[in-house]
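> Got a structure here, written out as structure tokens. Questions coming.
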Amino acid sequence: CFGTQLDNLNDITLDGVTVYNTYKFTSEFDNVGKVSIVNSKFVASQIGPTFALNTDGPHFEGPANNITLANNYFRTNDDSIALNANEGLCGPITNVEISNSTVDGSFSALRAYGDLTGGGNCPNGLAPIVNGVDINNYSGTVYHTIAFFTGGPPNTLDPTIDNFHWNNSSIQDTGTNGGGDTGYIEL
């Protein structure tokens with residue numbers, strides 16, 4: 609199902625790798641540290657609202673830290689990049705750098721989840737937070753939603769997405785999701 613599944617590892621490098629035509633995530637990372645993904649391509653075989661979702665590009669599940677994604681190309685039928693602290697072993701995703709990359713007609717450019725239903729910590733006692741994300745020069749198009757963010761429980765001051773910076777980027781929602789919605793983000 610997965611193109612690559614890398615769990616419980618440190619010091620991972622993917623350089624010049626192309627992952628395509630996967631049934632599910634192109635690459636899944638759970639409980640990892642010091643990850644470098646550069647000069648790589650993540651391509652789903654079919655794109656659009658009538659095809660199966662869940663063909664994410666790099667999909668990080670907590671805990672994970674010190675992640676660099678640079679000079680990459682994403683064409684996926686789900687999240688081009690997913691930072692889901694509440695999945696996998698569950699725990700913080702910290703120190704993420706995304707730069708000089710292109711999204712080409714994907715479902716979304718980014719998903720960041722940092723909460724558990726009802727709030728609180730993970731079963732392992734760790735906090736499901738996304739903290740310290742810097743995005744620069746990330747551009748292109750999506751067909752559904754530019755970015756999804758889910759933070760702490762409603763009506764609380766418990767931020768689970770923090771220190772998040774998105775700069776010098778331009779992503780357009782082409783509105784081909786069947787709903788006719790279009791949008792544009794330029795930061």
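My numbering puts the first residue of the sequence shown at 609, with every later residue one more than the last. Heads up, the beta-carbon is just placed ideally off N, CA and C, and yes, glycines get one too. Remember, predicted model here, so these are calculated numbers, not experimental data.
Excluding the five sequence neighbours on either side, which residues of its own chain have a C-beta within less than 7 Å of the C-beta of N739, listed in chain order?
The residues are P700, T702, D770 and N771.
> Residue range of the beta strand (DSSP E) that V625 falls in?
It is not in any beta strand (DSSP E) - V625 carries neither H nor E in the DSSP assignment.
> Relative to the alpha-carbon of A693, which residue among G748, E669 and V627 has its alpha-carbon at the smallest distance?
E669
> Excluding the five sequence neighbours on either side, which residues of its own chain have a C-beta within less than 6 Å of the C-beta of N680, listed in chain order?
Cβ within range, chain order: S648 and S709.
> With 16 as the cutoff for other CB atoms within 10 Å, does D664 come out buried or exposed?
D664 should be labelled buried.
> Tell me the residue span of the beta strand (DSSP E) that contains T702.
Note, T702: beta strand (DSSP E), I701 to Y721.
> Quick check on D623: buried or exposed, where buried means 16 or more other Cβ atoms within 10 Å of its Cβ?
exposed
> Alpha carbon to alpha carbon, how far is L765 from N729?
The predicted model places L765 with a pLDDT of 49, which falls under 50 and marks its position as unreliable, so this point remains unresolved.
> By DSSP's criteria, P829 is part of a beta bridge. Which residues make up the other side?
Outside the displayed range of the chain (609 to 795) lies residue 829, so it cannot be described from this structure.
> Which of the three DSSP states, helix, strand or coil, is assigned to L765?
Low local confidence applies: a pLDDT of 49 at L765 is under 50, so the model's placement there is unreliable, with the coordinate-based value given in what follows. Three-state result, L765: coil.
> Since G611 is in the beta strand (DSSP E), which residue starts that stretch and which ends it?
Neither: G611 is in no beta strand (DSSP E) and is coded neither H nor E.
> Measuring alpha carbon to alpha carbon, tell me which residue in D723, I675 and L661 is nearest K642.
I675
> Between the alpha carbons of R719 and Y751, how many angstroms are there, rounded?
14 Å
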